[in-house]
């Protein structure tokens with residue numbers, strides 16, 4: 039990868055679009071792009087794969103590395119073309135990006151799943167799924183950054199850059215929740231950071247990726263030049279016409295809230311329903327009852343750790359404090375789901391808590407997108423106690439508490455800016 043950058047800087051792999059005196063394009067431009075993409079992309083994916091899966095056996099490493107190298111090559115070519123091509127030739131970058139997302143991503147994801155490593159959970163440390171999605175998310179983010187750094191922009195370039203940003207963010211969120219789950223139950227290793235569940239911390243840390251989103255009419259190019267270029271091209275990708283410099287924080291807030299609400303919905307309505315995803319994510323048992331939620335705590339955790347019964351007992355003996363915290367988290371999480379709870383009282387309370395957070399979060403997100411959608415002070419005041427109620431009765435799901443906290447803090451901040459009515 040370093041050699042590819044060096045050759046591009048020195049000149050043998052010139053990445054800029056070159057034309058002769060007659061205005062004809064250099065026929066070897068695509069060849070140089072492919073060589074640079076293979077050298078840089080394959081080197082980067084090889085480094086990430088070996089760092090992540092170095093303790094695994096040969097077959098999973100080979101299959102995952104092959105898939106990551108193919109995706110890295112296409113992603114690197116798309117990113118370079120997205121930066122150097124002129125606006126009228128951006129359709130070539132669009133084609134590469136469409137192939138990368140629509141064909142390459144699902145095909146090589148399925149190919150990577152064939153490895154079915156027995157040494158690690160697919161989304162655990164060294165898992166094929168977390169490694170593959172990490173590489174894809176990194177390349178999607180690089181594409182977004184390169185497109186955003188362009189000098190001449192159109193609605194199409196912005197739309198494709200925004201789509202790459204969202205793909206990168208989604209890959210990061212899937213890796214975080216695949217690794218740590220909703221509450222860290224059934225996960226080996228550290229599941230909390232300063233007492234906060236790692237999934238909540240990871241969601242907050244991934245949110246700044248959404249700051250790369252770009253709205254219409256923003257950027258370094260002048261408004262007049264941008265309007266002239268955008269009228270000649272059809273809008274493609276994720277075009278955000280309402281995103282401006284005044285509401286740049288809105289996508290970050292909306293994305294974080296959406297993740298917390300989605301994970302809370304999953305914990306209440308879907309976790310433990312018995313849907314088998316082993317055909318996609320490898321071998322393993324499926325949580326179908328309350329007993330399965332606690333199975334890893336009592337020593338039968340080969341489904342999530344790959345360890346034996348005696349190994350689990352020894353680990354719990356050495357880390358009794360962690361074991362106790364896991365028991366508490368498992369008990370709370372078990373009591374919040376309709377499929378894992380021993381009675382309906384716990385799920386009903388969490389459903390009520392989830393519904394209680396919606397008014398404040400709705401006001402907050404709408405207000406962040408447009409100041410004209412600011413609710414009245416009376417509505418904000420009436421919705422604040424509902425967040426406190428959600429924090430009290432929804433203690434079994436960390437993401438629900440996080441969503442209620444955002445609604446409570448955001449509501450208090452809204453009171454300082456909302457006109458008194």
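Residue numbers (my numbering): 39 to 459.
Each residue gets a CB set at the ideal place from its N, CA and C atoms; glycine is no exception.
For the segment 368 to 382 against the segment 409 to 421, do three or more pairs of beta-carbon atoms, one drawn from each stretch, fall closer than 8 Å, so that the two count as touching? no
Rounded to whole angstroms, how far is the Cβ of residue 306 from the Cβ of residue 389, which I believe are closer than 8 Å? Here residue 306 is taken as the residue at index 268 of the chain shown, counted from 1. Here residue 389 is taken as the residue at index 351 of the chain shown, counted from 1. 6 Å between Cβ atoms; contact.
In three-state DSSP terms, what is residue 66? Position 28 of the chain shown, counting from 1, holds the residue named residue 66. The answer is coil: DSSP assigns residue 66 none of H, G, I, E or B.
Sub-8 Å separation of residue 437 and residue 237 beta-carbons: As a working note, residue 437 is residue 399 in the chain shown. As a working note, residue 237 is residue 199 in the chain shown. In this structure, residue 237 lies closer than 8 Å to residue 437 by Cβ.
DSSP state of residue 230 mapped onto helix, strand, coil: Working through the chain shown from its first residue, we reach residue 230 at position 192. Strand.
Please state if the CB of residue 81 and the CB of residue 112 are separated by a distance shorter than 8 Å. Position 74 of the chain shown, counted from the first residue, corresponds to residue 112. Position 43 of the chain shown, counted from the first residue, corresponds to residue 81. For residue 112 and residue 81, no; Cβs fall outside 8 Å.
Exposed or buried, which one is residue 381 when buried takes at least 16 other CB atoms within 10 Å? Along the chain shown, read from residue 1 onward, the residue named residue 381 stands at position 343. Under this definition residue 381 is an exposed residue.
Residue 108 and residue 184: beta carbons closer than 8 Å? By 1-based counting over the chain shown, the position of residue 108 is 70. By 1-based counting over the chain shown, the position of residue 184 is 146. No, the pair does not count as a contact, with Cβ atoms beyond the cut-off.
Please confirm whether any heavy atom of the ligand SAM lies closer than 7 Å to the CB of residue 196. Inclusion of the ligand SAM in the displayed structure is not the case, the ligand content being empty and no account of it being possible.
Within 10 angstroms of its Cβ, does residue 56 collect 16 or more other Cβ (buried), or is it exposed? On the chain shown, position 18 is the one that residue 56 refers to. Residue 56 is exposed by the Cβ-count criterion.
Which whole-angstrom value describes the C-beta separation of residue 403 and residue 276, a residue pair presumed to lie in contact below a C-beta threshold of 8 Å? As a first step, residue 403 must be located in the chain shown, where it is residue number 365. As a first step, residue 276 must be located in the chain shown, where it is residue number 238. Actually they do not touch by this definition, with Cβ atoms about 17 Å apart.
Would you report the Cα separation of residue 86 and residue 50, rounded to the nearest angstrom? As a first step, residue 86 is located in the chain shown; it is residue number 48 there, counting from the start. As a first step, residue 50 is located in the chain shown; it is residue number 12 there, counting from the start. One C-alpha to the other measures close to 27 Å.
Can you name the residues that DSSP bridges to residue 235? Within the chain shown, residue 235 is the residue found at index 197, counting from 1. BP columns for residue 235 point to 230.
Residue nearest to residue 180 in terms of C-alpha spacing, selected from 115, 126, 239, 52: Along the chain shown, read from residue 1 onward, the residue named residue 180 stands at position 142. Nearest option by C-alpha distance: 115.
Tell me, which residues are paired with residue 278 by DSSP? Locating residue 278 in the chain shown gives position 240, where the first residue counts as 1. Looking at the DSSP assignment, residue 278 forms a beta bridge with 253.
The alpha helix (DSSP H) enclosing residue 183, as first and last residue numbers: As a first step, residue 183 is located in the chain shown; it is residue number 145 there, counting from the start. Per DSSP, residue 183 belongs to the alpha helix (DSSP H) from 166 to 186.
Would you check if the segment 92 to 108 and the segment 131 to 141 touch, i.e. whether three or more CB-CB distances between them fall below 8 Å? no
Rounded straight-line distance, which links the Cα of residue 171 to that of residue 470: Since the first residue shown for the chain is 39 and the last is 459, residue 470 is missing from the structure and cannot be characterised.
From which residue to which residue does the alpha helix (DSSP H) around residue 405 run? Along the chain shown, one-based indexing puts residue 405 at 367. Here the alpha helix (DSSP H) through residue 405 covers 383 to 407.
Host alpha helix (DSSP H) of residue 455 (start-end): Taking the first residue of the chain shown as 1, we reach residue 455 at position 417. Taken as a continuous stretch (DSSP letters only), residue 455 belongs to no alpha helix (DSSP H), as it is neither H nor E.
If you run the structure through DSSP and keep just helix, strand and coil, what is residue 17? Residue 17 is absent from the model: the chain starts at 39 and stops at 459.
Helix, strand or coil for residue 220, going by three-state DSSP, please let me know. Working through the chain shown from its first residue, we reach residue 220 at position 182. Residue 220: coil per DSSP, three-state reduction.
Just the Cα atoms here: how many angstroms apart are residue 163 and residue 122? Locating residue 163 in the chain shown gives position 125, where the first residue counts as 1. Locating residue 122 in the chain shown gives position 84, where the first residue counts as 1. Rounded to whole angstroms, residue 163 to residue 122 spans 37 Å at the Cα level.
Label residue 90 either buried or exposed according to how many other C-beta atoms from any shown protein chain fall within 10 Å of its C-beta, with 16 as the threshold for buried. Position 52 of the chain shown holds residue 90. Burial call: buried.
Between the CA atoms of residue 110 and residue 101 - distance to the nearest angstrom: As a working mapping, residue 101 is identified with position 63 in the chain shown. As a working mapping, residue 110 is identified with position 72 in the chain shown. Going by the C-alpha atoms only, they are around 14 Å apart.
In its own chain, which residues sit with a C-beta less than 7 Å from the C-beta of residue 152, not counting the 5 before and 5 after it? Reading the chain shown from its first residue, position 114 is the one you call residue 152. These residues qualify, in order along the chain: 101.
Contact set for residue 105: own chain, Cβ-Cβ below 7 Å, skip 5 residues either direction: One-based indexing of the chain shown puts residue 105 at position 67. Once the five neighbours on either side are set aside, the close Cβ partners of residue 105 are 146, 149, 150, 170.
Taking 7 Å as the limit between beta carbons, can you name the residues of its chain near residue 199, skipping five residues before and five after? Translated into positions along the chain shown, residue 199 becomes position 161. Excluding positions up to five away in sequence, the list reads 182, 185, 186, 252.
Work out the CA separation of residue 304 and residue 273 for me, nearest whole Å. Position 235 of the chain shown, counting from 1, holds the residue named residue 273. Position 266 of the chain shown, counting from 1, holds the residue named residue 304. Whole-angstrom Cα-Cα distance: 34 Å.
Alpha carbons only, please: which of 432, 405, 433 is nearest the one belonging to residue 453? Along the chain shown, read from residue 1 onward, the residue named residue 453 stands at position 415. Of the candidates 432, 405, 433, the one whose C-alpha sits nearest the C-alpha of residue 453 is 405.
If I follow the unbroken alpha helix (DSSP H) through residue 120, where does it start and stop? Mapped onto the chain shown, residue 120 falls at position 82. Segment 96 to 122, the alpha helix (DSSP H) holding residue 120.
Between 288, 244, 195, which lies nearest to residue 208 when the distance is taken from Cα to Cα? As a first step, residue 208 must be located in the chain shown, where it is residue number 170. It is 244.
Using a 10 Å radius around the Cβ and a threshold of 16 neighbouring Cβ atoms, would you call residue 144 buried or exposed? Numbered from 1 along the chain shown, position 106 holds the residue referred to as residue 144. So residue 144 counts as exposed.
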